[in-house]
Structures are given as C-alpha cells and as structure tokens.
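Student: According to mature numbering (1 follows the signal peptide of the UniProt record, and there is no 0), the residues represented by the sequence shown are -23 to -1, 1 to 116, in order. Beta carbons: idealized from backbone N, C-alpha and C, even for Gly. These numbers come from a predicted model, not from an experiment. Input: one structure, supplied below.
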Amino acid sequence: MAFRDLFLLLVLVCCLLASVASARQLSSSGKPGHTLAARLDDNRGFAECWNALNELKSCTDEIILFLVKGQTDIDSECCRSIEIVTRSCWPTMLASLGFTSEESNILRGYCDASPAPDPVASADAPTLAGSPVSPLPAV
C-alpha cells in the first residue's frame, strides 16, 4: 500500500513539473540572430538561391534535350542558374531533382565552357552603312 502511494505521489509530481515547465514564459532576449531582421541579413543569398532554382525549373526542357539528344542550346540564364544552384547554394540539388552527379558535372562543364553573353552585341547593334540588311527586332 505504501509503495502504491509513493508511486502515485511521484506520478503526480512529474505531471505537475511537466505542466509548470511547459507553461513558463520563454525569454525573448535580444541576442544577435534571434530577430527577424538579423536572420534575414544572415540569409541574404537565400532569395538568390530560390530565384535560381525557380529559373532552373523553367529551363528543365533545355537541360533534358541537352542530356538526351546532345542539343547545345542551353541559354545563358539557364547556365547562370545552374552555376548558382550547384556552386553557391546546394551542390547536390541537381541530384535531388533526379539528375546524376555525372549529369550535373556535364552541365557545369558545358556552362563553364560556354562564352558569357556579350553585352555589346545586342539586337540594336548598328548596321553597316548602305547595307540593305537590317537586324531582326528582338522578340
């Protein structure tokens, strides 16, 4: 009988301590990194990573055609997204999207080897004087 009363008392004390611990007020200290502004400053590249991942999602068709048929028409924006995602954000992200590490390396190699777009050569480049051919308008 005494053992049963002692056991009941211990269970009651444990329940009381658990309810007190869960109901206590948590301190909201002003430590760095604990405010929303500090966390956003810490993760300033986070938005760039998500934007690159979103862009990568929109050029999946180009990537598949490149890997399956060897068509080399991956544009510079897609290459920029591949570079950001695989080098700056999540190196294994392409593998988690279903691409093998070999395919990820092939994509990075292609994008590293492809020339950067020339800002001087644009659709509004001047034509040769007297030339009957004019550049096509940018679509």
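1) Is it true that the CB of residue 61 sits closer than 8 Å to the CB of residue 29?
2) Would you check if the distance between the CB atom of residue 53 and the CB atom of residue 26 is smaller than 8 Å?
3) Tell me the DSSP secondary structure of residue 74 in three-state form.
4) What do you reckon, are the CB atoms on residue 85 and residue 59 nearer than 8 Å?
5) Short check: CB of residue 55 to CB of residue 80, under 8 Å?
6) So, using beta-carbon positions, are residue 70 and residue 77 closer together than 8 Å?
7) Could you spell out the range, first to last residue, of the alpha helix (DSSP H) harbouring residue 35?
8) Under a three-way DSSP split, which group does residue 137 fall into?
9) Identify whether residue 47 lies in helix, strand or coil by the three-state DSSP scheme.
10) DSSP three-state call for residue 120: helix, strand or coil?
11) Using only alpha-carbon positions, find the residue among -18, 23 and 74 that is nearest to residue 33.
12) Hey, residue 43 and residue 37: beta-carbon distance below 8 Å or not?
Tutor: So, from the listed chains and residues:
1) In contact: residue 29 and residue 61 (Cβ atoms closer than 8 Å).
2) no
3) coil
4) yes
5) Cβ distance not < 8 Å, so residue 55 and residue 80 don't count as in contact.
6) Here residue 70 is not near residue 77, since their CB atoms are 8 Å or more apart.
7) 23 to 35
8) Residue 137 is absent from the structure shown; the chain starts at -23 and stops at 116.
9) coil
10) In the structure displayed, the chain extends from -23 to 116; residue 120 sits before or after that span and is not available.
11) 74
12) Residue 37 sits away from residue 43, with the two beta carbons spaced by 8 Å or more.
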